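This report concerns only the one structure given below.
In the working numbering, the protein residues as written are 93 to 267.
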């Protein structure tokens with residue numbers, strides 16, 4: 093049986109160890125995971141395989157204990173049917189410019205309109221408060237035959253939104 097486990101809360105040492113301890117006690121194995129810390133807040137998402145006879149109630153109770161111990165905003169456990177990694181990223185798109193509301197939305201809308209799937213997204217605001225720079229880096233899966241149309245759409249984004257955008261093909265999938 094496959095499960096998706098998510099947790100969020102204030103970061104502190106030991107959260108991952110406690111969550112994976114509970115999963116191990118249930119006979120679980122972490123198949124895939126992603127974790128991040130933003131401004132002192134922690135978020136993790138794990139895809140876990142557990143034996144078919146594992147007690148979900150016991151696992152959820154144990155994870156609730158972890159949540160209370162670490163004062164997490166919530167740990168969720170959801171069954172996952174038919175694991176499919178889907179198409180992996182084919183390109184990396186970096187967009188940057190003067191910070192303003194809408195950069196992520198404008199970029200995501202442009203990509204979605206062409207059927208380009210975002211597989212990973214990271215943003216960073218840097219610089220002084222007078223003229224901050226916003227950087228958006230996304231890994232994307234570009235469908236066959238969309239390359240030229242995507243290039244034109246990115247040109248439009250550059251011109252209409254005064255942003256820099258660089259698209260680079262990935263040589264191979266690392267993760």
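For each residue, glycine too, the CB sits at the ideal point set by N, CA and C. Computed from a predicted model, the values in this text were never measured in an experiment.
For residue i, the three-state DSSP class (helix, strand or coil)
{"i": "residue 263", "result": "coil"}
{"i": "residue 124", "result": "strand"}
{"i": "residue 192", "result": "coil"}
{"i": "residue 238", "result": "coil"}
{"i": "residue 221", "result": "coil"}
{"i": "residue 257", "result": "strand"}
{"i": "residue 140", "result": "strand"}
{"i": "residue 146", "result": "coil"}
{"i": "residue 109", "result": "helix"}
{"i": "residue 200", "result": "helix"}
{"i": "residue 119", "result": "coil"}
Integer-rounded CB distance, given that residue j should sit under 8 Å from residue i
{"i": "residue 122", "j": "residue 138", "result": "5 Å"}
{"i": "residue 164", "j": "residue 101", "result": "3 Å"}
{"i": "residue 261", "j": "residue 182", "result": "7 Å"}
{"i": "residue 189", "j": "residue 255", "result": "4 Å"}
{"i": "residue 224", "j": "residue 215", "result": "Actually they are not in contact, since the Cβ atoms of residue 224 and residue 215 sit about 12 Å apart, beyond 8 Å."}
{"i": "residue 162", "j": "residue 104", "result": "7 Å"}
{"i": "residue 211", "j": "residue 180", "result": "7 Å"}
{"i": "residue 136", "j": "residue 108", "result": "7 Å"}
For residue i: DSSP bridge partner residues
{"i": "residue 134", "result": "101, 129"}
{"i": "residue 166", "result": "100"}
{"i": "residue 216", "result": "227"}
{"i": "residue 186", "result": "229, 258"}
{"i": "residue 205", "result": "Answer is none; residue 205 lacks a bridge partner."}
{"i": "residue 210", "result": "232"}
{"i": "residue 181", "result": "Answer is none; residue 181 lacks a bridge partner."}
{"i": "residue 172", "result": "94"}
Selection from the options that minimises the alpha carbon distance to residue i
{"i": "residue 245", "options": "134, 206, 180, 161", "result": "206"}
{"i": "residue 125", "options": "104, 144, 99", "result": "99"}
{"i": "residue 209", "options": "233, 172, 196, 153", "result": "233"}
{"i": "residue 185", "options": "242, 129, 135, 192", "result": "242"}
{"i": "residue 168", "options": "235, 222, 258, 95", "result": "95"}
{"i": "residue 172", "options": "93, 127, 236, 136", "result": "93"}
{"i": "residue 120", "options": "132, 107, 150", "result": "150"}
{"i": "residue 281", "options": "253, 128, 106", "result": "The chain is shown from 93 up to 267; residue 281 falls before or after that span and cannot be answered."}
{"i": "residue 127", "options": "238, 112, 196", "result": "112"}
{"i": "residue 106", "options": "134, 118, 97", "result": "134"}
{"i": "residue 213", "options": "196, 220, 222", "result": "196"}
{"i": "residue 146", "options": "132, 191, 131, 117", "result": "117"}
{"i": "residue 202", "options": "132, 257, 129, 263", "result": "257"}
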